[in-house]
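Enquirer:
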Amino acid sequence: MQIRCLFLLILLVSAISCSPRRRGIRVVAVNKDGLFPDRVQSSLESALKWFENAVLVHDSYSDYVVDYVGKYVPGYQEPFAGRVTIQTPNKAFSLEILSDEFKTFFEYSDVVVFIRAKSFGCGTQPQAFGGSMRPKSPRLRASIPKLAFMEYCYNRVSDTFSYFDLFRHEILHSLGYGVFEPEDSAMTVTEEKYQWKNEDGTESTATRYFFNTSQVALNEVKNYFGCDSDNLKGVESDGGGMHLNEYIFQNELMTPTLAEKNYFSYISAAILENIYTGNAQWYMVNRTFIGPEADAYNFGKGFGCSWLLNSCYEFLEGRKNDNVPRPAPFCLEDSVQKCFKKSENELIAFSCELRDSGAADNNIPRPLNTKYNVPSTRYCPIYPNYFENSKYELVDCQHQK
């Protein structure tokens, strides 16, 4: 029964809100190629269940019609017909894509992710690419984007990789994370130049890029890192503006590279909530549900403004002057090579003195006088891929087996 909020209701002892209540978002996946291998498929189901609990939306009428699938969704366009596998947060089943049952299923869902095999550029590692098919119609653009896609690389299944995090990451892009322009952006600066101090004291001109997001998200960054400086212009992103910056945020879920364990933070929650067009906010993040995970994210917490605004060498020098030890994943000063003790008989060696190709994400050139040669760490004394093995004990490599 609908409750209308009348003036006389203020006389009631219990207040009743006039705003409609939100419910868990209904994100489902459709796969023309059937089920994934068991470990991957169960991770997809768990990811969809996570969204149902983590992201809240209002009940609203959608102008998306099932005919759009055959017209616009790559891999599912007409004359494609046949059975498809459907994964919900609770079960998997199959339907004829042209059936009335599929139409009912489509209309009931908030976001439908259509999966297809990625045809090139896969390599050997688990990989996927997700996004949303945003229509040109202003009427449709003002509602939650219902048509989403995910290209998936059908590589050999890894026993350790977090497919759960991979699916969460890509589906967040399907909801608009890093893809859509937000409704209420406070950003007036999308990038800025600054001076990066190298190991030998020389300086290079660097570039930092910012998310187009709200002041709320920037405040989350300031609060997390402990930096209240007005010199911090925004939330640092990768060059394309789709992800949180890998160097700054490391194993946060929405950085470009996934670690073994990744965390959805309050920063990403604020970014997601700011993504909408029209007059009504699309998503609200259930902070009670995500709280344990967001609170467990701790890379860089309390690092201060120096981490966000200066080079790693200035950051480390400041900590040294304050007699504060180097934090993980920075190399220890007494040795550039350490080992993770995977078992009594197996050590995994790590070295900061690796050499790698590519370019640094902030566009600094490779320094001339440095022993740290990994562009993805901005040529800093940081163990590459540290978080993939950080669950193991860090020991001297001469450790007796």
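Using mature numbering (1 follows the signal peptide of the UniProt record, and there is no 0), the letters of the sequence shown map in sequence onto residues -18 to -1, 1 to 383.
Ideal placement from N, C-alpha and C gives every residue a C-beta, glycine not left out.
Just reading off the alpha helix (DSSP H) that Gln263 is part of, what are its end residues?
Expert: No alpha helix (DSSP H) holds Gln263; DSSP gives it neither H nor E.
Enquirer: If you drop the 5 nearest sequence neighbours on each side, which residues of the same chain put their C-beta closer than 6 Å to that of Ala342?
Expert: Pro357 and Arg360, listed in sequence order.
Enquirer: Among the residues of its own chain, which have a CB less than 7 Å from the CB of Phe(-12), if the five just before and after it don't count?
Expert: Caution applies to Phe(-12), whose pLDDT of 28 falls short of 50 and renders its modelled position unreliable; the model cannot decide the point.
Enquirer: Do the region 325 to 338 and the region 208 to 216 touch if we need at least three Cβ pairs shorter than 8 Å?
Expert: Output reads no: the region 208 to 216 does not touch the region 325 to 338.
Enquirer: Let's test the definition: count the other Cβ atoms within 10 Å of the Cβ of Val377 and tell me whether it reaches 16, buried, or not, exposed.
Expert: With fewer than 16 Cβ atoms within 10 Å of its Cβ, Val377 is classed as exposed.
Enquirer: Taking the alpha carbon of Leu154 as the point to measure from, which residue in Pro127, Phe192 and Lys323 has its own alpha carbon closest?
Expert: Checking every option, the nearest Cα to that of Leu154 belongs to Pro127.
Enquirer: Applying the 10 Å Cβ sphere with the 16-neighbour rule, what's the burial state of Glu163?
Expert: Glu163 should be labelled exposed.
Enquirer: Give me, in chain order, the residues of the same chain whose beta-carbon lies closer than 7 Å to that of Val94; leave out the 5 immediate sequence neighbours on both sides.
Expert: So the list reads Val10, Val12, Phe88, Lys128, Leu129 and Ala130, once near-sequence residues are dropped.
Enquirer: Three or more C-beta pairs under 8 Å: does that hold for the region 112 to 124 against the region 73 to 92?
Expert: Verdict: no, contact absent.
Enquirer: Helix, strand or coil for Cys321, going by three-state DSSP, please let me know.
Expert: Cys321 falls in the strand class under three-state DSSP.
Enquirer: Would you be able to state if there are at least three C-beta pairs under 8 Å between the region 235 to 245 and the region 181 to 197?
Expert: No: the two stretches stay apart, fewer than three of their Cβ pairs being nearer than 8 Å.
Enquirer: Starting from the Cα of Val37, find the closest Cα among Val55, Asp92 and Tyr43 and give me that residue.
Expert: Cα-wise, what sits closest to Val37 is Asp92.
Enquirer: Check whether the Cβ atoms of Tyr206 and Ser25 sit closer than 8 Å, and answer yes or no.
Expert: No, the Cβ-Cβ distance between Tyr206 and Ser25 is not below 8 Å.
Enquirer: With a Cβ-Cβ cutoff of 8 Å, do Gln177 and Thr184 count as a contact?
Expert: Their beta carbons are not under 8 Å apart, which means Gln177 does not touch Thr184 by this criterion.
Enquirer: I believe Cys313 touches Cys334 by the beta-carbon criterion, under 8 Å. Please report the beta-carbon distance rounded to the nearest angstrom.
Expert: Going by Cβ atoms, the distance from Cys313 to Cys334 rounds to 4 Å, so yes, they are a contact pair.
Enquirer: Measuring alpha carbon to alpha carbon, tell me which of Glu152, Pro274 and Glu296 ends up nearest Pro108.
Expert: The shortest C-alpha separation from Pro108 is found at Glu152.
Enquirer: What would DSSP say about Gly113, mapped onto helix, strand or coil?
Expert: Note: Gly113 maps to strand in three-state DSSP.
Enquirer: Entirely within the region 54 to 107 and at least 3 residues each: give me those beta strand (DSSP E) ranges in chain order.
Expert: With a minimum length of 3 residues, the continuous beta strand (DSSP E) runs that stay inside the region 54 to 107 are 65 to 69, 74 to 78 and 93 to 99.
Enquirer: Which complete alpha helix (DSSP H) runs does the region 164 to 238 hold, if anything under 4 residues is left out?
Expert: Taking only runs of at least 4 residues, the alpha helix (DSSP H) segments lying wholly in the region 164 to 238 are 197 to 207 and 228 to 231.
Enquirer: Is Leu38 helix, strand or coil by DSSP?
Expert: Reduced to three states, the DSSP call for Leu38 is strand.
Enquirer: Hey, could you find the ends of the beta strand (DSSP E) Ser333 is sitting in?
Expert: Counting along the chain, the beta strand (DSSP E) containing Ser333 begins and ends at Glu328 to Ser333.
Enquirer: What's the gap between the Cα of Asp182 and the Cα of Ala262?
Expert: Whole-angstrom Cα-Cα distance: 52 Å.
Enquirer: If we ignore side chains and look at the alpha-carbon of each, how far apart do Ile346 and Glu370 end up?
Expert: Each residue's Cα considered, the two are about 26 Å apart.
Enquirer: Residue range of the alpha helix (DSSP H) that Glu255 falls in?
Expert: Segment Tyr248 to Glu255, the alpha helix (DSSP H) holding Glu255.
Enquirer: If you reduce the DSSP assignment to three classes, tell me which class Arg337 lands in.
Expert: In the structure shown, Arg337 sits in a strand (DSSP, three-state: E or B).
Enquirer: Quick one: what's got a C-beta closer than 7 Å to Cys379's C-beta in the same chain, skipping five residues either side?
Expert: Hits under 7 Å: Gln319, Lys320, Cys321, Leu329 and Ala331.
Enquirer: Take Ser156 as the anchor and find which of Phe33, Lys323, Pro307 and Arg301 has the nearest alpha-carbon.
Expert: Minimum Cα distance to Ser156 is reached at Phe33.
Enquirer: Among residues of its own chain, excluding the 5 on either side of Pro366, which ones have a beta-carbon nearer than 7 Å to its beta-carbon?
Expert: Counting only Cβ-Cβ distances below 7 Å, and skipping sequence neighbours, we find Leu336, Val356, Ser358 and Thr359.
Enquirer: For Ser44, collect the residues of the same chain with a Cβ closer than 7 Å to its Cβ; drop the 5 residues on either side in sequence, then sort them by chain order.
Expert: Closer than 7 Å at Cβ, skipping near neighbours: Ser125 and Lys128.
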